[in-house]
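In full-length UniProt numbering, the protein residues as written are 1 to 372.
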């Protein structure tokens, strides 16, 4: 019998296909004393240690610049660098046409989407057409436009880059274990990459004493150092991300207090709210071993007081409404002593970063820049 998985797009449009639960073993939550603390018992250094084994942080990034071109008022420059392991990271630097002075910087952290052939291209216009297998992401999740281009037009130097597992940093078809192809019954790259993340890569990382969250955060912290070194960018650097990118934004907020501001979109709820039916939809990046014993998911955002804007999707199929409301309440209480450092809005939309949400997020970032 041939085993097939739903298309990546179907995961987002028919969420019942991806939900699972513990069934008759639901008492594991109680017998294993699952109770994430709302106030984190961990700091920045502790979180990085919890991430497990990490590569040595590079000192020579071997930055290379490629071609530049203009698209609809934005100059897009190809940039690549060495993260110290694996293939080189490829990126786009976007700045408004005709601007020759340094601008506030922004790391645009692309989403997961179960689409790994492309990363940075999900948020950038003017770098070629995406096949329908990936074009639906920009259309359904980003308002059918290059969100990074829009942010650049607001007066930012935007660095959109491939993270570990995506685009230039992806595992390729020839890397897929034969066992996964046998189970799937087809050589469909995106379906195989979903299986590869959970059924192969997670095992390697466990053997290595590493975590997916740790390697993704490592890549993002390297990208932050790259941004600091670019002449187009001032010392005011922010980060924004949707979904998996929002998850990475939370980790970056916790590990990089030098950030000017952070926007997390469609990636915030309590861990307990995910337990009944909302674990399977998420990547391993949300669940590094041991983290829940140290902090609930919203608690990570309170490790540092960097200004944080969380946008909730009120009809988000990946989180419960109660879980999002509880997370929002917890963050409002935690940030009460630092008035103005936490902003939140809930939009009546499914999992996405709509045009309206982008306008609000980018205006907020602009208002917080040192030259804003």
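For glycine and all other residues, C-beta sits at the position ideal for the given N, C-alpha and C.
Please read these numbers as outputs of a predicted model, since none were measured by experiment.
Counting C-beta pairs closer than 8 Å gives three or more between the segment 283 to 295 and the segment 202 to 219, which meets the contact rule. In the displayed model, residue 267 falls within coil according to three-state DSSP, outside both helix and strand. Per the Cβ contact rule, the segment 215 to 234 is in contact with the segment 154 to 164 (3 or more Cβ pairs under 8 Å).
One Cα belongs to residue 274, the other to residue 299, and the distance between them is close to 15 Å. Distance from the CA atom of residue 278 to the CA atom of residue 67, rounded to whole angstroms, is 43 Å.
Per DSSP, residue 280 lies in no beta strand (DSSP E) segment and is marked neither H nor E. Classified as buried, residue 253 has 16 or more neighbouring CB atoms from the shown chains inside 10 Å of its CB. Scanning its chain for C-beta atoms nearer than 8 Å, with the 5 sequence neighbours on each side dropped, one finds around residue 332 the residues 342 and 344, in chain order. DSSP lists 74 as the bridge partner or partners of residue 71. Taking 8 Å as the upper bound for CB-CB distance, residue 226 and residue 25 are not in contact here, some 45 Å apart.
By the neighbour-count definition (other C-beta atoms within 10 Å, threshold 16), residue 45 is an exposed residue. Taking the C-beta atoms as reference points, residue 292 is found no nearer than 7 Å to residue 262. Straight through space, the alpha carbons of residue 224 and residue 201 are spaced by roughly 25 Å.
Straight across, the Cα-Cα distance linking residue 217 with residue 186 is about 32 Å.
Taking C-beta separations shorter than 6 Å and ignoring five residues to either side along the sequence, the partners of residue 265 in its chain run 242, 246, 311 and 353, following chain order. Rounded to whole angstroms, the Cβ separation of residue 270 and residue 328 is 10 Å, and the two are not in contact under 8 Å. DSSP places residue 127 in the coil class of the three-state scheme, outside both helix and strand. Taking a 10 Å sphere around the C-beta of residue 101, we find fewer than 16 other C-beta atoms and assign the residue as exposed.
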